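Novice: Dropping a structure here in structure tokens format, bear with me for questions.
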Ligand SMILES: C[S@@+](CC[C@H](N)C(=O)[O-])C[C@H]1O[C@@H](n2cnc3c(N)ncnc32)[C@H](O)[C@@H]1O
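Numbering (the numbering used here), first residue to last: 41 to 420.
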């Protein structure tokens, strides 16, 4: 399944496409090696050696990861994952660089025309250190670097890069997580009809726009801290003819009034924030929700719901893939986060939602159940 084309998408030429497709195959291969090859090596070589030396198996994911790293196969697997990640961004980055002047012109033209949605930027916004101190998952320049005035580079890089990284599992417009959530909500809670939806950490609006497709009468608001992501997101939404109100805000403290939203969502953003921020984001969601409203975040499930081996494979990203908060955040108790934010214990939600796309759902090494998105949150 190819990526859905729109006016803002950086289109690879023949050679760029060949290189990107090679990276896609290499990603599949590196996951095979990390998940399956490494499991065999662990069970047949590393675990027995550990047991012989220590008189017991590894105690937790940390001991297991370190034991794997002493084995050449573990080293090979890590090197392959890291090299693939860097080469993938490189294969997209050079293609976006070649087209950036045209993309800037297209964004400016879209901005001048009649718009369905809106864009509100805040140049004084402080980028939180947890999201700004490193280039998250080695995306060059991260989410917030402006290379020129009105820049859209980061968004263009992310749009294509996320498609390759997700190996197409997000669908042509990478909106599968949002569509899956929307379809599940309609099925499970047919009377719940959100009038205003907020997506926090929207990036370029992929998932949120899928959710809107399921609730087309709702108003959709999307926030992120990265200005070049939002400029691109706005132009992309307009190019696709979808009304979305984007603004540059920190999900820990927004400028929306109390009780403004019926549904607040986050898709794969919590693991990029700190423990303190995670708590603040849920407290802010409680303030922003109308009575009867719902907050739900999709992310990888806590470590204690998977084997130490699977946890170690995923936790590798904490140590080597510039995702410094995955380890800590997935150690937190999700029910406790929601309760600490003021939601009643009985209103806690913790659910695996089936992928709307038959061949979709979380890919890679997230530790999720195949084809299922894990969401947690609560009803107000
Ligand atoms: C992995 S991306 C999320 C993907 C996106 N939700 C989607 O559906 O495609 C994480 C995003 O969260 C944003 N982010 C992280 N911390 C944030 C915060 N405190 N407030 C707003 N956005 C934040 C980052 O800038 C980044 O764009």
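Note that the Cβ used here is the ideal one computed from N, Cα and C, for glycine as well. This one's a predicted model, so the numbers in the text were calculated from it and none came from an experiment.
Output the residue ranges of the beta strand (DSSP E) runs that lie fully inside the segment 156-208 and measure 3 residues or longer, sorted by chain position.
Specialist: The segment 156-208 contains these whole beta strand (DSSP E) runs: 158-160.
Novice: State yes or no: is the C-beta of residue 183 nearer than 8 Å to some heavy atom of ligand 1?
Specialist: Taking the chain shown and counting its residues from 1, the one referred to as residue 183 is at position 143. Residue 183: yes, Cβ under 8 Å from ligand 1.
Novice: Between residue 245 and residue 273, how many whole angstroms is the CB-CB distance? I'm expecting something under 8 Å.
Specialist: Numbered from its first residue, the chain shown carries residue 245 at position 205. Numbered from its first residue, the chain shown carries residue 273 at position 233. Correct: roughly 4 Å between the Cβ atoms.
Novice: DSSP state of residue 63, grouped into three classes?
Specialist: Here residue 63 refers to the residue found at position 23 of the chain shown. Residue 63 falls in the helix class under three-state DSSP.
Novice: How about residue 28 and residue 200: are their beta carbons less than 9 Å apart?
Specialist: The first residue shown for the chain is 41 and the last is 420, placing residue 28 beyond what the model contains.
Novice: Give a single yes or no on whether residue 364 has its beta carbon closer than 8 Å to a heavy atom of ligand 1.
Specialist: Reading the chain shown from its first residue, position 324 is the one you call residue 364. Incorrect: residue 364 has no Cβ contact closer than 8 Å to ligand 1.
Novice: Could you pull out every unbroken alpha helix (DSSP H) segment of at least 4 residues lying fully inside the segment 215-291, listed in chain order?
Specialist: Complete alpha helix (DSSP H) runs here, min 4: 216-228, 246-254 and 267-279.
Novice: Give a yes or no on whether the C-beta atoms belonging to residue 271 and residue 367 are separated by under 9 Å.
Specialist: One-based indexing of the chain shown puts residue 271 at position 231. One-based indexing of the chain shown puts residue 367 at position 327. Taking 9 Å as the Cβ cut-off, residue 271 and residue 367 do not qualify as a contacting pair.
Novice: Would you report the Cα separation of residue 370 and residue 212, rounded to the nearest angstrom?
Specialist: As a position in the chain shown, residue 370 is number 330, starting the count at 1. As a position in the chain shown, residue 212 is number 172, starting the count at 1. Cα to Cα, the separation comes out at about 29 Å.
Novice: Specify the secondary structure class of residue 93 as computed by DSSP and reduced to three states.
Specialist: Position 53 of the chain shown, counted from the first residue, corresponds to residue 93. Note: residue 93 maps to helix in three-state DSSP.
Novice: Contact between the segment 95-108 and the segment 155-172 is defined here as three or more beta-carbon pairs at a separation below 8 Å; is this criterion met?
Specialist: Taking 8 Å as the limit for Cβ pairs, the verdict is that the segment 155-172 does not touch the segment 95-108.
Novice: Return the CA-CA distance between residue 147 and residue 182, expressed in angstroms with no decimal places.
Specialist: By one-based count along the chain shown, residue 147 stands at place 107. By one-based count along the chain shown, residue 182 stands at place 142. C-alpha separation (whole angstroms): 20 Å.
Novice: Which whole-angstrom value is the C-beta distance of residue 260 and residue 336, which I expect to be below 8 Å?
Specialist: Here residue 260 is taken as the residue at index 220 of the chain shown, counted from 1. Here residue 336 is taken as the residue at index 296 of the chain shown, counted from 1. Not a contact, Cβ separation roughly 15 Å.
Novice: Which same chain residues end up closer than 6 Å to residue 305 when comparing Cβ atoms and leaving out the 5 residues on each side of it in sequence?
Specialist: In the chain shown, the residue the question calls residue 305 occupies position 265. Counting only Cβ-Cβ distances below 6 Å, and skipping sequence neighbours, we find 239 and 336.
Novice: Cβ atoms of residue 364 and residue 416: under 9 Å apart, would you say?
Specialist: Translated into positions along the chain shown, residue 416 becomes position 376. Translated into positions along the chain shown, residue 364 becomes position 324. Taking 9 Å as the Cβ cut-off, residue 416 and residue 364 do not qualify as a contacting pair.
Novice: Compute the Euclidean distance between the alpha carbons of residue 123 and residue 255, then round it to the nearest angstrom.
Specialist: Against the chain shown, residue 123 aligns to sequence position 83. Against the chain shown, residue 255 aligns to sequence position 215. Using only the alpha carbons, I get a separation of about 40 Å.
Novice: Quick one: does residue 335 have its CB under 9 Å from some CB of chain D?
Specialist: Among the chains of the structure shown, chain D does not appear; only one protein chain is present.
Novice: For residue 50 versus residue 125, is the C-beta spacing smaller than 9 Å?
Specialist: One-based indexing of the chain shown puts residue 50 at position 10. One-based indexing of the chain shown puts residue 125 at position 85. No, these two residues do not count as a Cβ contact at 9 Å.
Novice: Please list, in chain order, all residues of the same chain as residue 242 whose beta carbon is under 6 Å from its beta carbon, the five residues on each side excluded.
Specialist: Your numbering for residue 242 matches position 202 in the chain shown. For residue 242, where only same-chain residues beyond five positions count, the Cβ hits under 6 Å are 248, 262 and 264.
Novice: Do residue 381 and residue 333 have their C-beta atoms closer together than 9 Å?
Specialist: Here residue 381 refers to the residue found at position 341 when the chain shown is read from its first residue. Here residue 333 refers to the residue found at position 293 when the chain shown is read from its first residue. No, they are not a contact pair.
Novice: Quick one: does the C-beta of residue 321 sit closer than 8 Å to a heavy atom of ligand 1?
Specialist: Numbered from 1 along the chain shown, position 281 holds the residue referred to as residue 321. Answer for residue 321: yes, Cβ within range of ligand 1.
Novice: Check whether the Cβ of residue 284 lies closer than 8 Å to any heavy atom of ligand 1, and answer yes or no.
Specialist: Here residue 284 corresponds to residue number 244 of the chain shown, with the count starting at 1. Every heavy atom of ligand 1 is 8 Å or more from the Cβ of residue 284, so no.
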